[in-house]
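In what follows, a single structure is set out as structure tokens and then discussed.
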């Protein structure tokens, strides 16, 4: 009898993991999700990834392995790289003769498995395990990534302690082989280490004392390692340029590029910016983990962002308006775009068309038409927005308003029946009003189109594993803008630092917001150029809670610390604490 290859859906149906009706739902979702059948079913919550792994094992005739019994301090068999789990997304179990037995969640990723065989210098035998179990083992091996990084640095120190040579000598033929391998290893290991520590950016800075590599974690920079010798600045920057397909011979002007890497079975985008400085060239690498973002988007709600229930009710009322403009403001990295995506996720239905124009489109949202800005080809925010209006959208998101032309088109769109979501860089809700008016917009038309302004910041959340109560003196409380008499019995917390938060005392971030709803009274005050103090009092009377007050609420709830809110907000005498 001829053997028939069973599809994964048939195998899952045979075991009762899914019902026939759920198969149709999965197939329909696959049209927009970009995922395979099993991944889509897990995303929809129809079955766990362990069930999918067992079905894949049957489909490919491989053994299923349960990794739940592995210790959190798992280490691969002797002689294998410590960061193998993180880099390749497989768990090495044992040697069977010359073959290395590994557990994988995706036996079809031939390219990654070929790279693994090349790395270890021998064949591998596959077993199937659940993706979440493999990720748990990878998370437990984060410390080994640091060990691999330290091992690489030791090689660098060995090179630095050799005979003196000029910077350029490291790129010459006679020493290229000596320097090349440690440079590649350093960059690769640094990327993996930064990803595991939840860094959003890697900063490579050149100075008189050497090359310093820093990670930006939860918005704050911290050193990743001891400074490298200055002679390695050129090779390190050159390696990054090669990966980003930039001109390695050009060192006098800024350059921007990007590259992709597959780490731990995840496709990661890296955006690179090179900037000439007094001591050579500096680099910043922005990390865009699309798989992590997809997980975040799956549960993306205003509650998950940390919005106060009071502000959620007001914000939801405005984002459901039939037309007008919703403005979100704040500095770079304050979560403005994430907030707008949460808003779009709440109001999106198949009955309305939503189009966004962004620079860049960092992640895809199912059911939403997303347009990337390409200024080199002439596709600016203004030009793209004009074209979007010809596509009959119901709601529009403009990634950022940078110039008067884009602002004018956005205002006209809001006045002609569209709901426009957009962002602008400003310090608070009143600064953003002045920013638009200084662009030369007609004040009456602009204010007529405006529904609300939301100013936002992100504060780091205290690590739940190591936060502990602290006591402040009266002088310290006054320095933080608190009334010692009023807060005498209040318990405050700070993070001590532990392995869970990599010694930082903080893990994750939460939004604090200042929401201003525009009504006729405020419109009249703004048009008549009322002083900011009067505008603030009017806004407070209508329910606006200012940033500092919202931040203090997080402190009193034990979510964050007083030093942290001092980092992102000013103590304001006009706002009661």
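In full-length UniProt numbering, the protein residues as written are 1 to 577. Glycine included, C-beta positions come from ideal geometry on N, C-alpha and C. Quantities reported herein were computed from a predicted structural model and do not represent experimental measurements.
Which one or two residues does DSSP pair with residue i in a beta bridge?
i	result
residue 289	268
residue 206	211
residue 277	280
residue 374	379
residue 506	462
residue 260	269
residue 217	199, 220
residue 10	DSSP lists no partner for residue 10.
residue 243	Answer by DSSP bridge pairing: none, since residue 243 is not bridged.
Would residue i pass as a contact of residue j if the rule is Cβ separation under 8 Å?
i	j	result
residue 385	residue 345	no
residue 504	residue 222	yes
residue 433	residue 526	yes
residue 65	residue 201	no
residue 56	residue 107	yes
residue 227	residue 211	yes
residue 61	residue 52	no
residue 342	residue 389	no
residue 424	residue 327	yes
residue 134	residue 89	yes
Thinking C-alpha only, which one of the options is nearest residue i?
i	options	result
residue 500	464, 39, 8, 28	464
residue 269	253, 391, 287	287
residue 521	105, 530, 319	530
residue 348	334, 208, 419, 279	419
residue 449	284, 43, 129, 325	325
residue 392	351, 138, 304	351
residue 183	239, 198, 229, 226	239
residue 490	133, 502, 319, 557	557
residue 509	546, 88, 219	219
residue 252	279, 231, 229	279
residue 50	44, 35, 67	67
residue 109	266, 546, 457	266
residue 602	553, 569, 230	Coverage of the chain is limited to positions 1 through 577, which leaves residue 602 absent and any answer about it impossible.
residue 203	553, 364, 271	271
residue 84	69, 119, 70	119
residue 289	336, 198, 132	198
residue 313	48, 32, 517	517
CA-CA distance, residue i and residue j?
i	j	result
residue 519	residue 534	15 Å
residue 6	residue 59	7 Å
residue 237	residue 277	12 Å
residue 435	residue 460	28 Å
residue 185	residue 377	36 Å
residue 515	residue 307	11 Å
residue 415	residue 9	49 Å
residue 426	residue 454	11 Å
residue 316	residue 430	21 Å
residue 188	residue 245	16 Å
residue 467	residue 495	4 Å
residue 17	residue 11	9 Å
residue 37	residue 323	38 Å
residue 122	residue 192	23 Å
residue 171	residue 235	The predicted model places residue 171 with a pLDDT of 33, which falls under 50 and marks its position as unreliable; any figure quoted below should be read in that light. If I take the Cα positions, the gap works out to 7 Å.
residue 412	residue 332	26 Å
residue 559	residue 506	10 Å
residue 548	residue 566	9 Å
residue 563	residue 540	25 Å
residue 451	residue 310	18 Å
residue 302	residue 230	46 Å
residue 441	residue 112	54 Å
residue 447	residue 408	12 Å
residue 131	residue 194	21 Å
residue 513	residue 330	10 Å
residue 232	residue 497	32 Å
residue 511	residue 484	26 Å
residue 406	residue 382	5 Å
Can you find a CB in chain C that lies within less than 8 Å of the CB of residue i?
i	result
residue 268	Absent here is chain C; the protein component of the structure consists of one chain.
Worksheet entry | Three-pair Cβ contact test at 8 Å for the region 26–34 versus the region 91–103 | Output reads no: the region 91–103 does not touch the region 26–34.
Worksheet item: Counting Cβ pairs, one atom from each stretch, are 3 or more of them under 8 Å apart for the region 378–398 and the region 349–358?
Response: Of all C-beta pairs linking the region 378–398 to the region 349–358, three or more are shorter than 8 Å, placing the two stretches in contact.
Item to complete: Report yes or no: do three or more beta-carbon pairs, one from the region 120–132 and one from the region 95–106, lie closer than 8 Å?
Response: Below 8 Å, enough C-beta pairs join the region 120–132 and the region 95–106 to call them touching: three or more.
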